[in-house]
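Read the sequence shown against this note's numbering and you will find it ends at 734, with the numbers running on by one and no gaps. Heads up, the beta-carbon is just placed ideally off N, CA and C, and yes, glycines get one too. Here's the structure we're looking at; comments come further down.
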Amino acid sequence: MRRVLVVFWMTGLMLIQTVGASFAWEAATHAYIEEHLYKQKGQADEYVMRNRIYGANAIDIFNNNFTSPYLDFAAYFHSTSQEYFLEAWQIAATKEEMAFAYGFVSHNNKWGMDSTAHISGITYGRGTGYVIAKAKVLAAMLRPSLEEQLGLPPGSLSDEVLVNLCHYLVESGVDFLILEKDPAIGSKLMNASFFRSNEVPALLVNAYQDDFASLAGITETAAASIIATAEANFQISMINYGWALTQPNALDLVAQGLAGIGVIYLGLPPGSETILTPVAKSGIQAAKVLCKPDFEREIKADTGWVNGKLSAAGVVW
Numbered sequence: 418m419r420r421v422l423v424v425f426w427m428t429g430l431m432l433i434q435t436v437g438a439s440f441a442w443e444a445a446t447h448a449y450i451e452e453h454l455y456k457q458k459g460q461a462d463e464y465v466m467r468n469r470i471y472g473a474n475a476i477d478i479f480n481n482n483f484t485s486p487y488l489d490f491a492a493y494f495h496s497t498s499q500e501y502f503l504e505a506w507q508i509a510a511t512k513e514e515m516a517f518a519y520g521f522v523s524h525n526n527k528w529g530m531d532s533t534a535h536i537s538g539i540t541y542g543r544g545t546g547y548v549i550a551k552a553k554v555l556a557a558m559l560r561p562s563l564e565e566q567l568g569l570p571p572g573s574l575s576d577e578v579l580v581n582l583c584h585y586l587v588e589s590g591v592d593f594l595i596l597e598k599d600p601a602i603g604s605k606l607m608n609a610s611f612f613r614s615n616e617v618p619a620l621l622v623n624a625y626q627d628d629f630a631s632l633a634g635i636t637e638t639a640a641a642s643i644i645a646t647a648e649a650n651f652q653i654s655m656i657n658y659g660w661a662l663t664q665p666n667a668l669d670l671v672a673q674g675l676a677g678i679g680v681i682y683l684g685l686p687p688g689s690e691t692i693l694t695p696v697a698k699s700g701i702q703a704a705k706v707l708c709k710p711d712f713e714r715e716i717k718a719d720t721g722w723v724n725g726k727l728s729a730a731g732v733v734w
């Protein structure tokens, strides 16, 4: 039974990897960086900042559905060669739309927050990305214990799968370091998601329904429905994640969430989380130790980098 679950879980991780960007910095880290960009916390009103924080995560609305056309839509948003993420900003008209779109753009994988996590770090992981570089170190550290916990023979996890697994652990580990630095970050993320502007779904639909219809070979109406449904589901997931970070047992809850990816999307038997959750929990704890000495330096540098890139792209108001 354990071996079967592991095979399904590793398959799930490979599916995640096909998205391309997937997650880079996690939600709390995106929220924290967004608070410190231009017109930072204290210089922008609370409602504007909430929409910016939600926008800074919403580019990931398709990331956890591993079927077509969602994989294609996720790859589209996370392109490293194009700037499709600017389309929402280009049509944003109201204060609420612009706040959301500002955050949406700041996340991008070409020159935004995700680029320093995935493509090239600023203070660590140059040419690789901070998260990816840390994941490679963590993979070497954890390989023996992970294989033992998962009931696998030594050396049976490929480097590719192991690094991808550790990628997710690093993201979560940094989120918990952010939580230690700002204990209110979970509440901020929860409130930003709950109170996001009602204009957001229509903005995303208007910006992307034509492109997505062409990309998937579907009608514009069908594309609009997919976008609206994905955003609604994402909003709920962000509210839940923010809430989890406010709880005394936040680490347990997040570890359960990571373990639940395979159960939810791959149809694993009920109770599978009991095997995977301890693995995720110990991995997150190890990632925290690994990233603690230098994560603040990278986050600060990332903030300055993204500020400059946003200004250069004309994403200001």
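For E463, count neighbouring C-beta atoms within 10 Å of its own C-beta (all shown protein chains included) and say buried if the count is 16 or more, exposed if not. Exposed, because fewer than 16 other Cβ atoms sit within 10 Å of the Cβ of E463.
Cα-Cα separation between P486 and M655, rounded to whole angstroms: Between the C-alpha atoms of P486 and M655 there is a straight-line separation of about 22 Å.
Beta-carbon proximity check, K705 vs G590, cutoff 9 Å: Going by C-beta atoms, K705 is nearer than 9 Å to G590.
Length of the line joining the Cα atoms of T533 and S498: Between T533 and S498, the C-alpha separation is close to 15 Å.
How is Y730 classed by DSSP in three states: helix, strand or coil? The sequence shown places Ala at residue 730, rather than the Tyr named in the question. In the structure shown, A730 adopts coil according to DSSP, grouped into three states.
From this set, I716, L555 and A697, which residue's C-alpha is nearest A445's C-alpha? Of the candidates I716, L555 and A697, the one whose C-alpha sits nearest the C-alpha of A445 is I716.
Can you tell me whether DSSP reads A509 as helix, strand or coil? Reduced to three states, the DSSP call for A509 is coil.
Quick check on the burial criterion: 16 or more other C-beta atoms within 10 angstroms. Buried or exposed for K698? With 16 or more Cβ atoms within 10 Å of its Cβ, K698 is classed as buried.
Quick one: Cα of F629 to Cα of T540, how far? Cα-Cα distance, rounded: 36 Å.
Buried or exposed by the 16-neighbour rule on C-beta atoms within 10 Å, applied to R543: The residue in question, R543, is exposed, as its Cβ has fewer than 16 Cβ neighbours within 10 Å.
Distance, G674 Cα to L683 Cα: With a pLDDT of 42 at L683, under the threshold of 50, the modelled position of this residue cannot be trusted, and the question is left open.
Between S523 and V723, which are expected to be in contact by the criterion C-beta below 8 Å, what is the C-beta distance as a whole number of angstroms? That belief holds up - the Cβ atoms of S523 and V723 are roughly 6 Å apart, short of 8 Å.
Looking at G546: is its Cβ nearer than 9 Å to the Cβ of I470? In terms of Cβ geometry, G546 and I470 do not form a close pair [threshold 9 Å].
Determine the contact status of A672 and T694, defining contact as a CB-CB distance below 9 Å. Annotated as proximal: A672 and T694, with beta-carbon spacing under 9 Å.
Does the stretch 546-562 come into contact with the stretch 571-585, if we say contact requires no fewer than three beta-carbon pairs (one atom in each stretch) closer than 8 Å? Short answer: they touch.
Alpha-carbon to alpha-carbon, F479 and A645: Cα to Cα, A645 sits roughly 11 Å from F479.
Rounding to the nearest angstrom, what Cα-Cα distance links G472 and D627 in this structure? Straight-line spacing of the CA atoms in G472 and D627 works out to 21 Å.
Along the alpha helix (DSSP H) that carries Q626, what are the first and last residues, could you check? In the DSSP annotation of this structure, the continuous segment of the alpha helix (DSSP H) that includes Q626 starts and ends at V617 to A633.
Mapping the DSSP letters down to three states, classify I478 as helix, strand or coil. In the three-state scheme derived from DSSP, where H, G and I count as helix and E and B as strand, I478 is classed as coil.
Residue interval of the alpha helix (DSSP H) (run including Q561): Sequence check: residue 561 is Pro here, not Gln. Element bounds for P561: Y547 to Q566.
Please report whether the beta-carbon of A491 lies at a distance below 9 Å from any beta-carbon of chain D. Among the chains in the structure shown there is no chain D, since it carries only a single protein chain.
Can the beta-carbon of G659 be found closer than 9 Å to that of S610? In this structure, G659 places its C-beta atom within 9 Å of the C-beta atom of S610.
Pick helix, strand or coil for W651, following the three-state DSSP scheme. Before going further, note that residue 651 is Phe rather than Trp in the sequence given. Judged by DSSP in its simplified three-state form, F651 adopts helix.
Close-in-space but distant-in-sequence residues of the same chain around F712 (CB under 7 Å, 5 per side omitted): Result list for F712: V591 and L594, in chain order.
As assigned by DSSP and simplified to three states, the class of E413: A query on residue 413 cannot be resolved here, the shown segment of the chain reaching from 418 to 734 and no further.
So the candidates are L707, I701, V696 and E616; which of them puts its Cα closest to the Cα of Q566? For Q566, the closest alpha carbon among the candidates L707, I701, V696 and E616 is that of V696.
Can you grab the Cα-Cα spacing for the pair R467 / S604, in whole Å? Going from the Cα of R467 to the Cα of S604 covers about 11 Å.
Can you name the start and end residues of the alpha helix (DSSP H) that G538 belongs to? Where G538 is concerned, there is no enclosing alpha helix (DSSP H), given that its DSSP letter is neither H nor E.
In whole angstroms, what is the alpha-carbon distance linking V617 and F517? Here the alpha carbons of F517 and V617 stand approximately 7 Å from one another.
Give me the Cβ distance between S631 and E513, rounded to the nearest whole Å; I'm assuming they're in contact under 8 Å. The Cβ separation is near 28 Å, so there is no contact.
Here's the rule: buried if 16 or more other CB atoms are within 10 angstroms of the residue's CB, otherwise exposed. What is Q652? The residue in question, Q652, is buried, as its Cβ has 16 or more Cβ neighbours within 10 Å.
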